[in-house]
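When the first sequence is numbered by our numbering, its final residue is 411 and no position is left out of the sequence of numbers.
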Amino acid sequence: MHHVDCGFSVLAIYLKKGIPFDVVTFTTPIRGIFTENRVKDAVDFFKKLVREKICEPNEVMYGTVMNGLSKKGHTEKTLSLLRLMEQGNIKPNICNSNIVIDSLCKDRNLDAAISLSNEMNRKGIRSNIITYNSLIDGLFKFGQWEKVRILFSEMVNHNIYPDMHTFNIVIDGLCKEGKVEDAEEVMRHMNEKGVEPNILTYNVIMDGYCLRGQMDRARRIFDFMIDKCIDPDIISYNILINGYCKKKKLDGATQLFREISRRGSKPNIVTYNTILQSLFEVGRIGSAKKFFDEMLSTGLVPDLCIHGTLLNGYFKYGLVDEAMSLFNELERKRGKSDIEFYNVVINGLCKNRKLDKAHAIFEAFFYWTASECENIQYNDKWTLS
DNA sequence: GTAGGACTAG
């Protein structure tokens, strides 16, 4: 329920009353801390558990920490944790290995991912369908089609066959390349193989048509999906709304926006951001501000992306004071954590001929970053004691 | 019917 603090309160009661706990009791809050983006806290908690021998970690607990680290972009640390496991009593299993392989793929480090999977196979940790799916997705997104073919035959030689994820990965890969017809062909093929397309399949194909600006075809998939009794989710709506926005058909977008709640779904931060971007794009600044306020009144919490949209929008129309007051407020609230913000503000100030101000912000951020990097680098080694 | 890994949107 995203109430990690309440979880810890319950944990305190456990400990006070002497209710028995196990490794599951502690793995759950680790995952919770990660979902709150508190990477360092999660890792410190994990280390404390091990150091003070409060509980013996198992493969799942290691996996939870590794997954948290990898999803926040700390591939190096994820890999070193795998290496640490290999030296200790709890040997890594295929899940632990897959987390690192996927992380390497997401970093576009495909050679390293493939060589790690080969290494793990030699050590007796055999690749499964998830390993292959991660690799195929990475190779596809990186345009290495030939290697995908090799992996496919390798997979089938090992009696591992494509599942729904595999098909969706391939369909998405084709769509992003603009080959939506081929993607639809693969969808028919998966039907023949007895793998039913799911909502993800349809969403990906709709996005493919949207990317080519073919809104009629995207809309046809949307209707087809409903015929098949698959309810569109918020992502389906966001894909279509984005399609309309990119074609500057704001009417179509707002019409769909109103339809969301009628169909029992709820707009999310992505929905608002997509439309907000478009309002700025066509210069409807007043509507954009009103729309953002409307979002706040629904209780949605703005994120990095939508703040970036606001900043960009203000700068684009020369509203420097407005942009800077938002920026100062954000800096106060979040601390200096997101380089993207600084890029937006520095770029905006430069475009508005405020070079001195831009330079001052650059300097401040530069020195702050340098000292942060020092902190991180000296802590890079994994020691659990 | 207690915890971990792969695929979609801004």
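Note that the Cβ used here is the ideal one computed from N, Cα and C, for glycine as well.
**OP:** State the Cα-Cα distance for the pair I120 and L352, rounded to the nearest angstrom.
**Re:** 46 angstroms
Original post:
Can you round the beta-carbon distance between L161 and A139 to whole angstroms, since I take them to be within the 8 angstroms contact cut?
Top reply: 6 angstroms
**OP:** Identify which residue in L356, D257 and Y298 has its Cα closest to the Cα of T280.
**Re:** Y298
Subject >> For P83, the nearest candidate out of F52, I156, P223 and M146 (CA to CA) >> reply: F52
**OP:** Could you say which of N369, N135 and W171 lies nearest to A390 if we only look at CA atoms?
**Re:** Taking each of N369, N135 and W171 in turn and checking the Cα distance to A390, the smallest one comes out for N369.
Subject >> Between the CA atoms of L177 and D128 - distance to the nearest angstrom >> reply: Looking at the two C-alpha atoms, the distance is approximately 15 angstroms.
Subject >> Pair within 7 angstroms by beta-carbon distance, Y228 and M251 >> reply: yes
Original post:
Is the distance from the Cβ of I247 to the Cβ of I231 below 7 angstroms?
Top reply: yes
Subject >> Endpoints, the alpha helix (DSSP H) within which E78 is located >> reply: E78 -> no alpha helix (DSSP H), and no H or E assigned at all.
Original post:
How close, in whole Å, do the beta carbons of D233 and I265 come, if the pair is a contact with beta carbons under 8 angstroms?
Top reply: 5 angstroms
**OP:** Return the first residue and the last residue of the alpha helix (DSSP H) that I186 is part of.
**Re:** From DSSP, I186 is part of no alpha helix (DSSP H); its letter is neither H nor E.
Original post:
Quick one, which of P46, L108, I80 and I155 has its alpha-carbon nearest N93's?
Top reply: L108
Original post:
Is A38 buried or exposed, if buried means 16 or more other CB atoms sit within 10 Å of its CB?
Top reply: exposed
**OP:** Work out the CA separation of D137 and N124 for me, nearest whole Å.
**Re:** 15 angstroms
Subject >> Extent of the continuous alpha helix (DSSP H) to which M111 belongs >> reply: T101 to Q113 is the extent of the alpha helix (DSSP H) around M111.
Original post:
Roughly how many angstroms separate the alpha carbons of E348 and F388, rounded to a whole number?
Top reply: 19 angstroms
**OP:** Write down the C-beta distance between M190 and V212 rounded to the nearest angstrom, noting that I regard them as a contact closer than 8 angstroms.
**Re:** Not really, about 12 angstroms apart at Cβ, beyond 8 angstroms.
Subject >> CA nearest to the CA of K292, picked from L302, A314 and L326 >> reply: L326
**OP:** Assign G344 to one of three DSSP states: helix, strand, or coil.
**Re:** coil
Subject >> Nearest residue (CA-CA) to I260, options I295, Y235, K273 and T324 >> reply: In terms of Cα proximity to I260, the closest of I295, Y235, K273 and T324 is I295.
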